[in-house]
Amino acid sequence: MLLGPPGAGKGTQARKLSESFVVPDISTGDIFRNAVTQRTPMGMAAKRFIDRGELVPDDVTILIVEERLAQPDAAAGFILDGFPRTVHQATAFDAMLAAMDKTLDAVIEISVPRELLIQRLTQRATCTNCQASYHLTDAPPKTAGVCDRCGGTLVHRDDDSAKMVLHRLEVHDAQTAPLVSYYKGAGLLRTVDGTQPIDAVFSAIVAAAAPQGGRAA
Ligand code: AP5
Ligand code: MG
Ligand code: ZN
């Protein structure tokens, strides 16, 4: 499980971990954005919250994660990016794990100072097709405006405007930051310095997850 504020690099690292450990990366943000693109009823309901930088209600979010974890590709393990986001989601996830007879190997907190988060998000380009993210100066795509992974179109996410980023950070501090002590209390929390280059963060995550669980989480 990857924990961290908006712009910490959760999606970037989840994709690398997924490729390396051959398990799916499950991002509630990506699931919601895909549902918005497809204009499903769930997507349209979620859009109202995403556009305001608020969290989608817990009942909807918990249900989509439950459905996603029931798919066969998640049976051998998975990487979570952006879920849980509230203590209520975390306790619901504990119950899901128990029902599946699974345990969480590690919770990785990616730590990045606020000024850098704001800088990263206001300069981020996101693929409309596969949701991969790029940084216009620090991690640019090979061809401007085109996704290296899938050839999709890169856009600036609507919720990455300077104003919305500040609000998302406030929502994170109020509702998601308490999960750090929740998972510290459970003995699962490992903190990684997210200001390092992407590959160094990746190595730090693998090292932090490995000794206790032996597998990526
Ligand atoms: P979500 O999509 O999860 O957004 P977020 O948490 O705000 O996180 P981001 O995707 O903005 O950041 P990231 O940590 O993935 O960073 P990234 O790797 O892209 O959620 C969006 C919305 O959906 C929410 O506001 C809410 O409405 C809803 N939602 C989602 N989950 C929910 C839930 N569980 N409950 C309720 N509502 C939910 O990297 C950022 C940038 O930095 C990129 O440009 C990248 O290239 C660059 N970068 C990354 N790592 C490095 C590095 N080491 N060095 C230099 N640059 C780097
Ligand atoms: Mg993300
Ligand atoms: Zn793509």
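Residue numbers (the numbering used here): 1190 to 1406. We treat Cβ as the ideally placed atom computed from N, Cα and C, and that holds for glycine.
Closer than 8 Å: residue i CB and nearest the ligand MG heavy atom
i, result
"Ser-1350", "no"
"Ser-1216", "yes"
"Gly-1271", "yes"
"Lys-1331", "no"
For residue j and residue i, believed in contact at Cβ under 8 Å, the rounded distance
i, j, result
"Gly-1271", "Lys-1199", "6 Å"
"Ile-1268", "Asp-1327", "The Cβ separation is near 22 Å, so there is no contact."
"Thr-1317", "Thr-1342", "5 Å"
"Leu-1244", "Gln-1364", "6 Å"
"Ala-1281", "Ile-1239", "Going by Cβ atoms, the distance from Ala-1281 to Ile-1239 rounds to 20 Å, so no, they are not a contact pair."
"Thr-1315", "Val-1344", "6 Å"
"Ile-1299", "Gly-1383", "4 Å"
"Lys-1205", "Phe-1391", "5 Å"
Residue i CB to nearest heavy atom of the ligand ZN below 8 Å
i, result
"Gly-1341", "yes"
"Ala-1321", "yes"
"Asn-1223", "no"
"Arg-1338", "yes"
Cβ-Cβ distance between residue i and residue j below 9 Å
i, j, result
"Pro-1195", "Arg-1338", "no"
"Ile-1307", "Val-1354", "yes"
"Leu-1377", "Leu-1293", "yes"
"Pro-1330", "Cys-1336", "yes"
"Thr-1217", "Ile-1387", "no"
"Ala-1167", "Val-1276", "The structure shown does not extend to residue 1167, since the chain is modelled only from 1190 to 1406, so the question has no answer here."
"Arg-1346", "Arg-1313", "yes"
"Ala-1279", "Pro-1273", "yes"
Residue i CB to nearest heavy atom of the ligand AP5 below 8 Å
i, result
"Leu-1310", "yes"
"Ile-1387", "yes"
"Gln-1278", "yes"
"Val-1296", "no"
"Arg-1357", "yes"
"Glu-1243", "yes"
"Ile-1268", "no"
"Ile-1299", "yes"
"Phe-1238", "yes"
"His-1324", "yes"
"Val-1381", "no"
"Gly-1334", "no"
"Thr-1201", "yes"
Contact with chain B by residue i, beta-carbon distance below 9 Å
i, result
"Gly-1340", "Annotation note: the requested chain B is absent from the structure, which comprises a single protein chain."
Should the stretch 1223-1233 be regarded as contacting the stretch 1346-1359, the criterion being three or more beta carbon pairs within less than 8 Å? Touching, no, given that fewer than three Cβ pairs across the two stretches are closer than 8 Å.
Would you be able to state if there are at least three C-beta pairs under 8 Å between the stretch 1382-1397 and the stretch 1198-1212? They touch, by the three-pair rule.
With three or more beta-carbon pairs closer than 8 Å as the criterion, would you say the stretch 1363-1372 touches the stretch 1255-1262? For the pair of segments examined, the stretch 1363-1372 was found not to touch the stretch 1255-1262: the number of CB pairs separated by less than 8 Å stays below three.
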